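A.B. asks:
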Ligand SMILES: [Ca+2]
Ligand SMILES: [Ca+2]
Ligand SMILES: [Ca+2]
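Residue numbers (the numbering used here): 1 to 396.
1) Does ligand 1 have even one heavy atom less than 6 Å from the beta-carbon of residue 64?
2) Helix, strand or coil, according to DSSP, for residue 290 in the structure here?
3) Can you find the residues in the same chain that come closer than 7 Å, C-beta to C-beta, to residue 288, ignoring five residues on each side of it along the sequence?
4) Is residue 331 buried or exposed, if buried means 16 or more other CB atoms sit within 10 Å of its CB?
5) Out of curiosity, what's the CA-to-CA distance linking residue 154 and residue 42?
6) If you follow the beta strand (DSSP E) that residue 192 is in, where does it begin and where does it stop?
7) Exposed or buried, what is residue 207 when buried is set at 16 or more other beta-carbons lying within 10 Å of its beta-carbon?
8) Counting by C-beta, which residues lie closer than 7 Å to a heavy atom of ligand 3, in chain order?
9) Can you list, in chain order, every residue whose CB sits closer than 6 Å to a heavy atom of ligand 2?
10) Under the DSSP definition of a beta bridge, which residues are partnered with residue 311?
11) For residue 27, is the classification buried or exposed, using 16 other Cβ atoms within 10 angstroms of its Cβ as the cut-off for buried?
12) Quick one: does the C-beta of residue 118 sit closer than 6 Å to a heavy atom of ligand 1?
13) Does the pairing of the segment 49-69 with the segment 84-103 give three or more beta-carbon distances under 8 Å?
14) Could you give the C-beta distance for residue 308 and residue 151, rounded to a whole number, given that I count them as a contact under 8 Å?
15) Are the Cβ atoms of residue 135 and residue 173 separated by less than 7 Å?
16) Just to confirm, are residue 116 and residue 67 a CB contact at a threshold of 7 Å?
17) Under three-state DSSP, which class holds residue 223?
18) Which value, in whole angstroms, describes the spacing of the CA atoms of residue 327 and residue 56?
19) If you measure from the CB of residue 218, is any heavy atom of ligand 1 nearer than 6 Å?
20) What's the C-alpha gap between residue 131 and residue 34?
21) Count the other C-beta atoms from every protein chain shown that fall within 10 angstroms of the C-beta of residue 345, then say buried if there are 16 or more, exposed otherwise.
22) For residue 37, count the other beta carbons within 10 Å of its own beta carbon; 16 or more makes it buried, fewer makes it exposed. Which is it?
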């Protein structure tokens, strides 16, 4: 008995030590966290239940945490629903081509670098290529989930038929059996279009949520029952209702609102964005289709992404593949909320997949591959136009 008490006290200390180094959560006024307008009272209740589970529920040994894990709550990596800080980055390893993961026996692909007392955390096998991913913001994802496959297919140009140097393509993925395709989903050889995650290897928010509980916190569910320590299925440690509430919460988080839309420099900056080819991948306007949540259905949205994979050149090659996404390929990240990212990241920017770009300017300079022409155009802008473009991006 005393031993258990000692264990949990020790465990609390270890956790406290780690949380202390994190940047403070954003101020209330800056929070992206809030529901879309037009939810019914019943829907608002589900949003709040999901909000609590996402932000307030910190797992402990007593509630099923681990024994191997990366963090103790969704909100610890996605503070205020914004981007995460690089010290909370996820590590994945052991996939560098189409042959899949060669290190399943050593805990691949995801590294759980923390463990309950009495267990050994996983360690990166020496010499194995790995990728470090910073948590993206969670805002507006319910809208992105509803963009019809046909709209994405129309944006794709895998062989660059129109010769503009940009060849966005879809990541066709196998679905786990608990994920049902959207009505009207397109399929190719039994595979469906992935759209979430930095390499678009996840189909929808249910898959992303169930996997995050399992892989990031060591919490099993009806959907993802396998314990990451033993590799065996065990009883659910989180109930279906909680998972579905979190999915509902993610679906109905509002889109960040653009600021300073009537400032002349912002208006000119948007024109520069179009002119130098940023909009070829960061597609300004998409549409949502049918949804049982009427607040989300048939909307025009402005996420500044095509949700397609692009070859971004050798500087952004992370040596890691997912689904059919290659090591140099990344899904265009949405730019809505870009200007608010620093609020959640301790007051500074950490952009791109691994957070290496400490300003918007630095992120643009690292664009290569299909985006090289656009980056070169950026470098050729006169200082006034460059400032307008950056002011526009900050307003998102
Ligand atoms: Ca567990
Ligand atoms: Ca692992
Ligand atoms: Ca093209």
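By construction, the Cβ of each residue, glycine as well, lies at the ideal position given by its N, Cα and C atoms. In this text, all values refer to a predicted model and were calculated from it rather than measured experimentally.
C.D. replies: According to the data block:
1) Along the chain shown, read from residue 1 onward, the residue named residue 64 stands at position 64. Ligand 1 approaches residue 64 closely enough that one of its heavy atoms is under 6 Å from the residue's Cβ.
2) To locate residue 290, count along the chain shown from 1; it is residue 290. Note: residue 290 maps to coil in three-state DSSP.
3) Position 288 of the chain shown, counted from the first residue, corresponds to residue 288. For residue 288, same chain residues with a beta-carbon under 7 Å away, outside a window of 5 residues either side, are 143, 146, 147, 296, 297, 298, 299 and 301 in chain order.
4) Here residue 331 is taken as the residue at index 331 of the chain shown, counted from 1. That one is buried.
5) Position 154 of the chain shown, counting from 1, holds the residue named residue 154. Position 42 of the chain shown, counting from 1, holds the residue named residue 42. Cα-Cα distance, rounded: 36 Å.
6) Residue mapping note: residue 192 aligns to position 192 of the chain shown, counting from 1. Residue 192: member of the beta strand (DSSP E) spanning 191-194, first to last residue.
7) Locating residue 207 in the chain shown gives position 207, where the first residue counts as 1. With 16 or more Cβ atoms within 10 Å of its Cβ, residue 207 is classed as buried.
8) Qualifying residues come out as 157, 160, 161, 162, 163, 164, 165, 166 and 167.
9) Working through the chain, the matches are 107, 110, 111, 112, 122 and 228.
10) Along the chain shown, read from residue 1 onward, the residue named residue 311 stands at position 311. Residue 311 has 329 as its beta-bridge partners, per DSSP.
11) One-based indexing of the chain shown puts residue 27 at position 27. For residue 27, the pLDDT reaches just 49, beneath the cut-off of 50, and the residue's location in the model is therefore unreliable, although a value from the coordinates is still provided. Exposed.
12) In the chain shown, residue 118 corresponds to position 118, counting from 1. Not so, every heavy atom of ligand 1 lies at least 6 Å from the Cβ.
13) Not touching, per the Cβ criterion.
14) One-based indexing of the chain shown puts residue 308 at position 308. One-based indexing of the chain shown puts residue 151 at position 151. Here residue 308 is actually not in contact with residue 151; their C-beta atoms are around 11 Å apart, not less than 8 Å.
15) Along the chain shown, one-based indexing puts residue 135 at 135. Along the chain shown, one-based indexing puts residue 173 at 173. No.
16) The residue labelled residue 116 in the question sits at position 116 within the chain shown. The residue labelled residue 67 in the question sits at position 67 within the chain shown. Yes, the Cβ-Cβ distance between residue 116 and residue 67 is below 7 Å.
17) Looking up residue 223 in the chain shown gives position 223. The three-state reading of DSSP puts residue 223 in coil, since its state is none of H, G, I, E or B.
18) Walking along the chain shown from the start, residue 327 turns up at place 327. Walking along the chain shown from the start, residue 56 turns up at place 56. Straight-line Cα distance between these residues: approximately 35 Å.
19) Along the chain shown, read from residue 1 onward, the residue named residue 218 stands at position 218. The answer is yes for residue 218.
20) Reading the chain shown from its first residue, position 131 is the one you call residue 131. Reading the chain shown from its first residue, position 34 is the one you call residue 34. Answer to the nearest angstrom: the Cα atoms are 31 Å apart.
21) Residue mapping note: residue 345 aligns to position 345 of the chain shown, counting from 1. By the neighbour-count criterion, in which 16 or more other beta carbons inside 10 Å mark a residue as buried, residue 345 falls on the buried side.
22) Walking along the chain shown from the start, residue 37 turns up at place 37. With fewer than 16 other CB atoms across the displayed protein chains lying within 10 angstroms of its CB, residue 37 is exposed.
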